[in-house]
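Residue numbers (our numbering): 214 to 1050.
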């Protein structure tokens, strides 16, 4: 068997080259996705303030929901706190030399007044505030000055200040306070640092009964890993105990968010790649089997059993998959690095976020390629072995007139399933409906591939008249070839349909949801101005000050956060994260119109929540229902629903009372004021304050949505590239298979030009069918998603985007047919027929 397989591999190098290309690209893509996932699971950046700590104890890094004995977790994007009483328990664990509490809060430095720091006048520098007692955890050493006393602060060298300077600091939610710079510490930090006396730190932190983390210094000779095990045993699973690189997870909020985003992105991308790779490889192997149908039929006629043929195809594919998988790992690492660089460029991950490289993603990619190859080989072998040996010999020369009943039934069922799934947003207002509709679009594309041959014959007959009138005899030959071998035509058109349909679906989905959000914002924003601040948000007191100004009708402070909802889905727990806003309900009616459909926002107070129509559908909630929610830091919150509104796309699916997040700064203040109001005094009182009117608000929203869309589409560029490889692969295979056909046409009197004219007619047919079907497949789900979000069946796909997708795919198809055909026609007909071309 091994000798036979080796001889067959050498005899059909071109056919197996297609499978090799598909598997090589799949391995590279899966390796890249695996490395991104591993990076998201890793630390991302090195520890700084905890660099000298042997162990760091912090709050839970995920929210856990348990229903019926099953549990589901979701990573938290905001830091969870610890009770202060935990400090004594940590200090009592054997092997702990010191347990140092750490409390952190946002700090804005401004208004420096010494001659050495004039350049800071009127500016604001975002820093993080901590207690001076945490300095040994880094460790930080003074390079000038002394430890801070009452009314003093120690800054790092990046501030540009000197001991003796005075600086005004807005720390936490406390009002601006003047401090004297007591000392300067050296440190190459990601963010400027301000160290206060411990008593002042507790006051500025605002929550004396809680901590952010506990830094643990071990006794000499104590292994940090052993100590971490003792701490986990003593404290239970309600905390996170970290050593080594994992210590940084409790330190940086931006890295926490980036890690969560990378995990979700890579996980969803891996699923898409596996499905698409399976479809592409099955198509490539089908084309290879089509090339070898006579060879396989002869083997069966001389006594080879179905088992022998199945084992032969599986072994051939496994050999190719192993080689392609191993070689594909090398460019996969480069792709992962390039993708991470692109994500840094658009701001989705910090600039210093490091990629995690290891053998596990590469081995997993090779294993996935082997599994995909065996599944595709099994599917192809079943198709090849369906006819009896004598019938197979006949079909090797003449294509069977129709598909098998099983294939037609499965294709029709898939098509019906795809149509039903695509219609989900019409009858179900839920976040799941959008995902189901997107999946329905992909199912429809698969169904069209399964039903490809009869669809190709129908499309060819519809275009036959135009082709014959335009290309004459060449058009007649192109039509006859396509009708005589519709399976080959379907094999070449299906990858193009997949490429166009998948690209339009993935590009149209975020733009459609973004357009719905923009429409909600434009219709629901009553505010004339928006006040925003720096990195840490607005200084405390801005909303109160703006309300005092003459001509201000309403002012609503807003905190944007993330809330997690726990539900039971098919008797299993599920955690859904929502974008939410915490607002002051007093001024909300004057600045925002959420279009309430049930209940009233007048009842919004602590212990209640208003939710969007989509969230109500997902959570099976109505006015009066009690929800199981968790705030961004994992704090449980079980509010009563007091209102359901329809403009959740633009304002968030959940609206909370501002008092639920009291220790957070306002992200914005929405102001409705008379045209004559003067807000300039606020800018002078609060350095760094930005005032935007309606046009600037919309522009900022559009810019943010564009950045989010771009960040979401960057990983998909890898998938689009893989689809481009599959398109070229399928078309080149189909053309090289026809070398003998071209030779016979030339021996019958046709010139190279006439053969090329026939191929140009076929290219027109292929591109027309691919564009028509590839456009129609995602149109239904996108239309239904738009209707479910806005009530209008108008998907927001930009004409430029559509033309780019269709144009690139069509150009690739034209080149993949005409270039190899021109190369094939260079050889003499006799050489081509003898197999020496």
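Note that CB positions come from ideal geometry on N, CA and C, so glycine has one too.
Report the three-state DSSP secondary structure of residue i (helix, strand or coil).
i	result
residue 409	strand
residue 719	helix
residue 318	strand
residue 742	strand
residue 295	strand
residue 290	coil
residue 770	strand
residue 862	helix
residue 468	helix
residue 251	helix
residue 689	helix
residue 354	strand
residue 359	coil
residue 568	coil
residue 900	coil
residue 839	strand
residue 761	helix
residue 474	helix
residue 386	coil
residue 278	strand
residue 994	helix
residue 1040	coil
residue 518	coil
residue 329	Residue placement at residue 329 cannot be trusted, given a pLDDT of 40 that sits under 50; what the coordinates show is reported in the next sentence. It is helical.
residue 852	coil
Of the choices the options, whose alpha-carbon is the least far from that of residue i?
i	options	result
residue 363	399, 403, 416, 401	416
residue 744	896, 738, 285	896
residue 821	873, 858, 848	873
residue 500	254, 544, 698	698
residue 264	990, 794, 353, 229	353
residue 244	537, 465, 580, 575	575
residue 849	289, 954, 281	289
residue 757	767, 750, 749	767
Between the alpha carbons of residue i and residue j, how many angstroms are there, rounded?
i	j	result
residue 883	residue 260	38 Å
residue 368	residue 427	22 Å
residue 514	residue 952	26 Å
residue 330	residue 340	Low confidence applies here, because residue 330 scores a pLDDT of 40, under 50, leaving its location unreliable and the question unanswered by this model.
residue 628	residue 619	14 Å
residue 740	residue 805	7 Å
residue 701	residue 927	33 Å
residue 1074	residue 1031	The shown model of the chain, from 214 to 1050, leaves out residue 1074, and the question about it has no answer.
residue 1034	residue 968	9 Å
residue 441	residue 990	54 Å
residue 792	residue 864	8 Å
residue 737	residue 462	38 Å
residue 229	residue 498	8 Å
residue 173	residue 382	For residue 173 there is no data in the structure shown, the boundaries of the chain being 214 and 1050.
residue 891	residue 844	37 Å
Near residue i, which residues of its chain fall below 7 Å by C-beta distance, leaving aside the five closest residues on each side in sequence?
i	result
residue 565	258, 403
residue 899	752, 755
residue 978	673, 676, 680, 691, 695
residue 933	716
residue 496	704, 707, 708, 943
residue 296	422, 423
residue 1029	940, 941, 944, 945
Within the same chain, show all residues whose beta-carbon is closer than 6 Å to that of residue i, passing over the 5 residues directly before and after it, in chain order.
i	result
residue 541	237, 240, 241
residue 642	826, 827, 830
residue 660	624, 627, 628, 631
In terms of DSSP beta bridges, what is residue i paired with?
i	result
residue 797	Residue 797 is not bridged to any residue.
residue 1053	What the structure shows of the chain is the stretch from 214 to 1050, and residue 1053 is not part of that stretch, so it cannot be assessed.
residue 787	780
residue 792	775
residue 825	858
residue 453	271
residue 427	270, 314
residue 811	857
residue 868	794, 823
Is any heavy atom in the ligand ATP found nearer than 7 Å to the beta carbon of residue i?
i	result
residue 429	Inclusion of the ligand ATP in the displayed structure is not the case, the ligand content being empty and no account of it being possible.
Once you ignore the five residues that flank residue i on each side, which residues in its own chain have a CB closer than 8 Å to its CB?
i	result
residue 487	243, 581, 585
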